[in-house]
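Going down the list, the protein sequences come from chains A and B.
Numbering follows UniProt numbering, with no gaps: position 170 of the first sequence is 170.
Numbering follows UniProt numbering, with no gaps: position 436 of the second sequence is 436.
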Amino acid sequence: MAVAALEQEILSLRKRRQLYSLIGLLLVVAVLVSGYSKSNEMNSGGFLQGLSKFFDYPGEIVLEAWNAGPAFFGLIIQYVPAMLETLNIAGVATLIGGAMALVLAMASTRNVDSWGPLIPVVRRMMDIMRAFPELIVALFLIFVLGSSPVPAMIAVAFHTAGALGKLFSEVNENIDRKPIEGLSACGASWLQRIRYAVLPQVAPNYLSYFLLRLEINVRASAILGFVGAGGIGQELRRTIGWGQGAGDETAAIFVLLFLTIMLIDQVSSYLRGKLVGSGRAH
Amino acid sequence: MSIDTLEPVITPDLVWTKVRNRTLFTMLVPLVILGYLIYTWFAFDVAGLLSKAQPDRAAILATDSVAYKVHVTKNIRRDQLEVAIEGERRAAYDDTNYPDWVQVDGSNSVVDLGEGYLVEIVDKTMNFTVPGYGVITATATNSGVDITVPPGDQPDWLKTNPKKLDARPTLDRRVQVTRTKIEVHNFFGGWENFWFSFNSDLYGMSFSQLYALALSADRLDPEYSNLWHIVHEFLDNPDWQHGEIFLALLETIMMAVLGTITAAAFGLPLAFLAARNFTPSMFMRFGTRRLFDFLRGIDMLIWSLIFIRAFGLGPLTGALAIAFTDTGSLGKLFSEALENIDNKQVEGVRATGANQLQRYRFGVIPQILPVFLSQVLYYLESNTRSATVIGALGAGGIGLMLVETMKTSRDWENTSYIIILTILVVIAMDQTSSWLRRKLIEGK
Chain A
1 MAVAALEQEI LSLRKRRQLY SLIGLLLVVA VLVSGYSKSN EMNSGGFLQG
51 LSKFFDYPGE IVLEAWNAGP AFFGLIIQYV PAMLETLNIA GVATLIGGAM
101 ALVLAMASTR NVDSWGPLIP VVRRMMDIMR AFPELIVALF LIFVLGSSPV
151 PAMIAVAFHT AGALGKLFSE VNENIDRKPI EGLSACGASW LQRIRYAVLP
201 QVAPNYLSYF LLRLEINVRA SAILGFVGAG GIGQELRRTI GWGQGAGDET
251 AAIFVLLFLT IMLIDQVSSY LRGKLVGSGR AH
Chain B
1 MSIDTLEPVI TPDLVWTKVR NRTLFTMLVP LVILGYLIYT WFAFDVAGLL
51 SKAQPDRAAI LATDSVAYKV HVTKNIRRDQ LEVAIEGERR AAYDDTNYPD
101 WVQVDGSNSV VDLGEGYLVE IVDKTMNFTV PGYGVITATA TNSGVDITVP
151 PGDQPDWLKT NPKKLDARPT LDRRVQVTRT KIEVHNFFGG WENFWFSFNS
201 DLYGMSFSQL YALALSADRL DPEYSNLWHI VHEFLDNPDW QHGEIFLALL
251 ETIMMAVLGT ITAAAFGLPL AFLAARNFTP SMFMRFGTRR LFDFLRGIDM
301 LIWSLIFIRA FGLGPLTGAL AIAFTDTGSL GKLFSEALEN IDNKQVEGVR
351 ATGANQLQRY RFGVIPQILP VFLSQVLYYL ESNTRSATVI GALGAGGIGL
401 MLVETMKTSR DWENTSYIII LTILVVIAMD QTSSWLRRKL IEGK
């Protein structure tokens, strides 16, 4: 009798669960359908009219690139310095942001004996740093400092510090406390404990996240260039502004950007696989 | 005694070589980083940039974003005085109802800027009393401006030339005289006309007054109810454009939500095609993985430029750009998760006689659902930020609005308003997604 009641209850629980899943799914579908129809209305060009034009632009620039012939490769080489500038923005921003994130993470995890009252403050600070879209900081600094790669660098570094800081402190939470306790038993200071007990444990994960962030930051720097921060984005904006006839140059930049991003992706996912084992490399 | 050849023999030499290598490594890495930073210092021309930087623009921006100014303008040709908020004609005070710091007597007027700063306008002459400095006199003539300043060195805040006088003794007081007009700026803290525009019938009402009005039956506007009228007046405020800004924010959120859901919906089935344990055909797997790489590699920047060409400005463009890029990213992540699942569950389901579809549904999906949901929510969060950037490239939404208000660089308080709202929305999305993650995955 009791078994039957239990079964009854399990059945009703399952029914309710299925109902919730169904409601959730319907909600997602409803958002999707209504969202797309609404956004189709709000768009200045509709989906159906645009669909026929979708391949026009890529087709146009591919054709112009084709017509340029071997000179196309010369164009790609020509934009390498600009690409390098974008890479530098990302590189410096990730280094500086990563260094800041390290400090923030060490100051915001109970597991590594951060100073208690500071923990919530630093956490909120990281939340705010993460929430600032790079675009806003970059535009503001471009206004003050003028058009240059530095505003983009600072903007990306600011966001990186918050984003990496959160990931780093999550890593800190999962470390083994035994080495820390061992070191404090011999009278090590906080910095010594961090250096000899925490850092060796977290270094592979930190490096892995660092590389992942570098990958993201290269993309972000390219985009920020488009709003006036220099690098490949700015060149892209210029060639697109020329309109018809500059399709081969635009195509050259697209190809260069694509190749660089692919290269960095592959290298970083290979390195991350080595650092933390392929299963966890994401 | 035999030596176990599998265990390497540790000699002092070996240890020292390791220690030396390690030392070299620890020394070299910071040096390389330092070298790189020095190289970029010159590559970015930071020194040149700092010399050209305009910190005063930051000060102006900071002042303007928390303060507003009231212009008192004397038009010399027309011999007319106008007092207006931000110098805008539609926010001009009526000449019977000037603020009490402006005293008018015929064609003469006195503007009291507080703390002893006093501006007297007599016909075409302006006398500006600056405490601790003296009286600056400027007269507009047909050819320019006649200026008399107190003897001694001229301070930095005072700029004079035969055509123009510009005095700004403090950040919140400024006087300009040219051939055609005398203009006094008085700065006040706060955001002016934030709730209702200057010539709205609701201007200057307190919250309790509005509350009473909303409940009263006498309609201000016979067409609408009072509450609706208040909401309307608020959203249509021409200075702050609340309605348009809210719409732009909605567009940005739509881009992020639609883009992420679409990417997840396409990424999941494709991920099965890219996972080793679900697709035996190497050709198929290779093709799907290259498709993911291609979608990710093209990057949001290029996708949005292509979509802007095809579909014009709007949320659809942004949503599709996000969807294309993230189908690649999410597909790759899902396929990795699929390759790492535990096969025992699938075999268990198979043992009950389940067919292919049932095996997926009951053996595979429950295992990857937590990864799937948490990654989708992470992407939703980061896409809210991406959507603002895509907007700035020309897809519309709050990003474009921000760039446009910054370009006009006139009303910085509008810009800071947009920035604050954007950050609030991003934080809200962030909180919602982590709340959902906790609810759905950890079941708390």
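For each residue, glycine too, the CB sits at the ideal point set by N, CA and C.
- The alpha-carbon of Pro151 (chain A) is positioned some 31 Å away from that of Pro58 (chain A).
- Ala92 (chain B) is positioned such that its CB atom lies closer than 8 Å to that of Val83 (chain B).
- Contact annotation: in the segment 126–146 of chain B, no residue has its CB less than 8 Å from a CB in chain A.
- Ala65 (chain A) is a Cβ neighbour of Asp248 (chain A), given a cutoff of 8 Å.
- As computed with DSSP, Arg173 (chain B) is found in a beta bridge with B:Thr170 and B:Asn186.
- The shortest CA-to-CA distance from Gly106 (chain B) to any of B:Asp123, B:Asp94, B:Ala263 and B:Leu118 is the one to B:Asp123.
- The beta-carbon separation of Thr178 (chain B) and Lys164 (chain B), rounded to 5 Å, stays under the 8 Å limit for a contact.
- Here the C-alpha atom of Met106 (chain A) lies approximately 18 Å from the C-alpha atom of Ile128 (chain A).
- Annotated three-state conformation of Gly247 (chain A) is helix, per DSSP.
- With contacts defined as CB atoms closer than 8 Å, Gly397 (chain B) and Thr252 (chain B) qualify as a contacting pair.
- Non-local beta-carbon contacts of Arg20 (chain B) in its own chain, meaning distances under 8 Å to residues more than five positions away in sequence, are absent.
- The Cβ-Cβ distance between Val156 (chain A) and Glu170 (chain A) does not fall below 8 Å.
- Listed along the chain, the chain B residues whose CB falls inside 8 Å of the CB of Arg219 (chain A) are Asp299, Met300 and Leu301.
- Here Trp412 (chain B) is buried: its Cβ has 16 or more other Cβ atoms, across all protein chains shown, within 10 Å.
- Around the C-beta of Tyr39 (chain B), fewer than 16 other C-beta atoms lie within 10 Å, and the residue is accordingly described as exposed.
- Put simply, the CB of Tyr36 (chain A) is near chain B, with a gap under 8 Å to one of its CB atoms.
- Considered as a whole, the segment 58–84 of chain B harbours no complete run of any alpha helix (DSSP H) with no fewer than 4 residues.
- Annotation for Ala138 (chain A): Pro151, Ala152, Ala155, Leu224, Val227 and Ala229 place their beta carbon closer than 7 Å to its own, counting only its chain and skipping 5 residues before and after.
- Segment contact: the segment 342–358 of chain B against the segment 85–98 of chain A, fewer than three CB-CB distances shorter than 8 Å; contact not assigned.
- The Cβ neighbour count for Gly391 (chain B), taken over all protein chains shown within 10 Å, is at least 16; the residue is labelled buried.
- Taking CB atoms only, Leu316 (chain B) has a neighbour in chain A less than 8 Å away.
- In this chain, the alpha helix (DSSP H) harbouring Asn172 (chain A) covers Pro149 to Glu173.
- For Thr262 (chain B), the closest of A:Ala90, A:Gly35 and A:Lys166 by C-alpha to C-alpha distance is A:Gly35.
- Only residues of its own chain outside the window of five on either side were considered, and among them Met126 have a CB closer than 6 Å to the CB of Lys166 (chain A), listed in chain order.
- In this chain, Ser114 (chain A) is not harboured by any alpha helix (DSSP H), its DSSP state being neither H nor E.
- For the pair Asn43 (chain A) and Phe324 (chain B), the CB atoms are not nearer than the 8 Å cut-off.
- Annotation: the continuous alpha helix (DSSP H) that includes Gly35 (chain A) extends over Ala2 to Met42.
- Residue burial is scored here from C-beta neighbours: Ala185 (chain A) has fewer than 16 other C-beta atoms within 10 angstroms and is therefore classed as exposed.
- In this structure, DSSP gives Ser208 (chain B) a helical state, which the three-state scheme calls helix.
- Cβ-Cβ distances below 8 Å link Leu313 (chain B) to Gly394, Ala395, Gly396 and Leu400 in the same chain, with the five nearest sequence neighbours on each side left out; the list follows chain order.
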